[in-house]
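A quick write-up on the structure given underneath.
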Amino acid sequence: MKKKMVSAILCASMVAGLVVVPGVAVKAADDKKVIGVTMPTKDLQRWNQDGDNMKKELEAAGYEVDLQYASNSEETQVSQVENQIANGCDLLVIASINGSSLGGPLAQAKEAGIPVIAYDRLLMNSDGVSYYATFDNYKVGQKQGEYIVEALDLENQDGPFNIELFTGDPGDNNCTFFFGGAMDVLQPYIDSGKLVVKSGQTEFEQVATPGWDTAKAQDRMDTIIAGNYADGTNIDAVLCSNDSTALGVTNALAASYTGEYPIITGQDCDTPNVKNIAADKQAMSVFKDTRALASQVVKMVDSIMKGEEVEVNDTESYDNGEIVVPSYNCELTVVTKDNYKEMLIDSGYYTEDQIQ
Ligand code: BGC
């Protein structure tokens with residue numbers, strides 16, 4: 008993978024792109040630093056975008072990229088990272104499946120002096136993590152909670168309103184922030200009785216969705232509807248931590264729900280969900296521009312590789328159990344029917360065709 012040395016002695020005028028020292032082995036001018044990038048899965052739209060953006064930007068900055076996807080298998084991701092280390096890559100960028108499952112490779116990376124950037128999801132319980140780049144994950148949840156509070160006008164209405172709760176994979180450290188941020192906003196209304204969770208499922212473990220899987224969210228919502236809303240009782244809101252879970256919820260509603268359509272939150276602005284926003288089937292999605300995250304991570308990579316100071320804007324929030332990882336939080340925006348064209352099409356994130 009890495010072109011270390013070209014062991015021929017050549018004349019500079021004969022071979023373009025090679026740095027020639029007469030009588031000495033020739034080092035290829037394109038002896039690029041190799042960045043190992045691992046992404047969790049190709050199944051969800053966002054990770055394909057993240058991977059593509061990272062590869063394009065790193066290559067444009069002059070790096071060679073080894074991009075791997077792990078089909079949501081923790082074992083596969085462990086061996087992918089181990090291989091990247093064994094192949095002598097210069098830096099690792101890891102979007103983990105389970106933030107706690109990469110302790111082995113992270114120890115190896117540390118031993119080999121390879122810097123590691125945790126991408127979007129924090130890598131846990133290891134001091135082998137150099138930096139973390141993400142969006143403000145707590146704020147994502149807060150925005151979702153606040154949207155529900157405003158849409159139901161909970162400050163002024165007595166309610167009670169019915170709400171159900173969905174978050175993502177319990178092994179994804181982001182969920183603690185997404186769900187925590189939303190519940191810090193919603194819990195007081197649940198405590199006062201303005202919001203009622205008829206299923207009774209309010210604990211993180213009860214509302215988690217393994218693998219962030221749409222079908223699993225749909226199954227759980229089917230069961231909730233059958234058990235609590237089959238008589239046409241309204242569900243006023245469904246908190247969904249992201250778009251893949253929101254999609255499962257909308258699928259279940261379409262199949263068996265007869266009450267008034269609820270307010271549904273999401274995150275990522277995946278194309279099926281943006282279509283649902285345009286069709287009033289999902290109220291909002293938190294837009295995290297993956298181009299901005301990729302650019303920030305490429306800046307980090309470049310600074311690390313050049314031995315320069317790395318830009319961070321959060322040195323307090325992300326304690327991985329071993330160390331507080333210096334982090335960069337990118338900006339996020341709430342997207343609704345009112346602004347999705349401006350935010351997603353005018354900004355060039357999607358073409359109009361993609362969300363028609
Ligand atoms: C990401 C979300 C994404 C979810 C499922 C989270 O870690 O931050 O953007 O929706 O994983 O892939």
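So the mapping is simple: this note's numbering equals the position in the sequence shown, first residue as 1, plus 7.
We put the CB at the ideal spot given by N, CA and C, even for glycine.
Problem - Sequence-distant residues of the same chain with beta carbon closer than 7 angstroms to V341, five excluded per side - result: In the same chain as V341, and ignoring 5 residues on each side of it, the C-beta atoms closer than 7 angstroms to its own belong to K150, Y154, M291, V293, in chain order.
Practice task
Could you spell out the range, first to last residue, of the alpha helix (DSSP H) harbouring E81?
Solution key: Run containing E81: 81-93, per the alpha helix (DSSP H) assignment.
Problem - Closest residue to L99 among P112, S108, G106 (Cα-Cα distance) - result: For the residues P112, S108, G106, the minimum Cα distance to L99 belongs to P112.
Practice task
Assuming G239 and T257 form a contact by the criterion Cβ under 8 angstroms, report the distance between their Cβ atoms to the nearest whole angstrom.
Solution key: Contact doesn't hold; Cβ gap of about 18 angstroms is too wide.
Practice task
Please check the pair L65 and V331, which I expect to be a contact at CB under 8 angstroms, by giving their CB distance rounded to whole angstroms.
Solution key: Not quite, the Cβ-Cβ distance comes to about 27 angstroms (not below 8 angstroms), so this is no contact.
Exercise for the section: Please classify N163: is it buried, with 16 or more other beta-carbons within 10 angstroms of its beta-carbon, or exposed? Expected result: Per the 10 Å Cβ criterion, exposed.
Exercise for the section: Can you give me the Cβ contacts of K40 inside the same chain, cut-off strictly under 6 angstroms, excluding the 5 residues immediately before and after it? Expected result: Taken in chain order, the residues that qualify are Y70, D97, M312.
Practice task
Run the CB neighbour count on G234, radius 10 Å, all protein chains shown included, and call it buried at 16 or more, exposed below.
Solution key: So G234 ends up on the exposed side.
Problem - Burial state of P195, where buried means 16 or more other Cβ atoms lie within 10 Å - result: Exposed, since its Cβ has fewer than 16 Cβ neighbours within 10 Å.
Practice task
Look up D198 in the DSSP assignment and say whether it is helix, strand or coil.
Solution key: The three-state reading of DSSP puts D198 in helix, counting H, G and I together.
Exercise for the section: Identify whether Y325 lies in helix, strand or coil by the three-state DSSP scheme. Expected result: Three-state result, Y325: coil.
Exercise for the section: May I ask whether a heavy atom of the ligand GTP can be found less than 6 angstroms away from the beta carbon of T340? Expected result: The ligand GTP is not among the ligands present in this structure, which contains only the ligand BGC.
Exercise for the section: Could you tell me which residues DSSP puts in a beta bridge with F211? Expected result: DSSP output for F211 lists no bridge partner at all.
Problem - CB contact flag (A253, G273, <7 angstroms) - result: Here A253 is near G273, since their CB atoms are less than 7 angstroms apart.
Exercise for the section: Could you check how far apart the C-beta atoms of F173 and S248 are, in whole angstroms? I think they sit under 8 angstroms. Expected result: Cβ-Cβ separation between F173 and S248: approximately 7 angstroms, consistent with a contact (criterion under 8 angstroms).
Problem - Three-state secondary structure assigned by DSSP to C247 - result: Reduced to three states, the DSSP call for C247 is strand.
Practice task
Given a cut-off of 7 angstroms, decide if D250 and D275 are closer than it, judged by their beta-carbon atoms.
Solution key: Between D275 and D250, the C-beta spacing is below 7 angstroms.
Handout entry: Any non-hydrogen atom of the ligand BGC within 6 angstroms of N79 CB
Key = For N79, the distance from the CB to the nearest heavy atom of the ligand BGC is not below 6 angstroms.
Exercise for the section: Say yes only if the C-beta of D179 is nearer than 6 angstroms to one or more non-hydrogen atoms of the ligand BGC, and no if none qualify. Expected result: Distances from the CB of D179 to the heavy atoms of the ligand BGC include at least one below 6 angstroms.
Exercise for the section: Please find out if some non-hydrogen atom of the ligand BGC comes closer than 6 angstroms to the beta-carbon of N392. Expected result: Beyond the ends of the chain as shown, which are 8 and 363, falls residue 392; an answer cannot be given.
Practice task
Would you list the one or two residues that DSSP bridges to S334?
Solution key: Beta-bridge pairing links S334 to Y139, D321.
Handout entry: Any non-hydrogen atom of the ligand BGC closer than 6 angstroms to L130 Cβ
Key = The ligand BGC has no heavy atom closer than 6 angstroms to the beta-carbon of L130.
Practice task
Output the boundary residues of the beta strand (DSSP E) element that contains N169.
Solution key: From DSSP, the beta strand (DSSP E) with N169 extends over 168-173.
Practice task
Would you mind reading off the limits of the alpha helix (DSSP H) that contains A67?
Solution key: For A67, the enclosing alpha helix (DSSP H) has its first and last residue at 52-67.
Problem - Whether I231 touches E171 by CB criterion (7 angstroms) - result: Taking 7 angstroms as the cut-off, the beta carbon of I231 is found closer than this to the beta carbon of E171.
Handout entry: Q213 burial status per 10 Å Cβ neighbour count (16 or more: buried)
Key = Sixteen is the threshold: since fewer than 16 other Cβ atoms of the shown chains lie within 10 Å of the Cβ of Q213, the residue is exposed.
Handout entry: Candidates F211, A259, M131, W219: closest to Q5 by CA position
Key = The requested residue 5 does not occur in the structure, where the chain is confined to residues 8 to 363.
Problem - Beta-carbon spacing of V304, A140 below 7 angstroms - result: Contact: yes.
Handout entry: Touching by the beta-carbon criterion (3+ pairs, under 8 angstroms), the stretch 75-83 and the stretch 45-54
Key = Cβ pair count under 8 angstroms is three or more, so yes.
Exercise for the section: Spatial neighbours of E81 within its chain, please: CB distance less than 7 angstroms, with the 5 preceding and 5 following residues excluded, ordered by chain position. Expected result: Cβ within range, chain order: I104, N105, S108.
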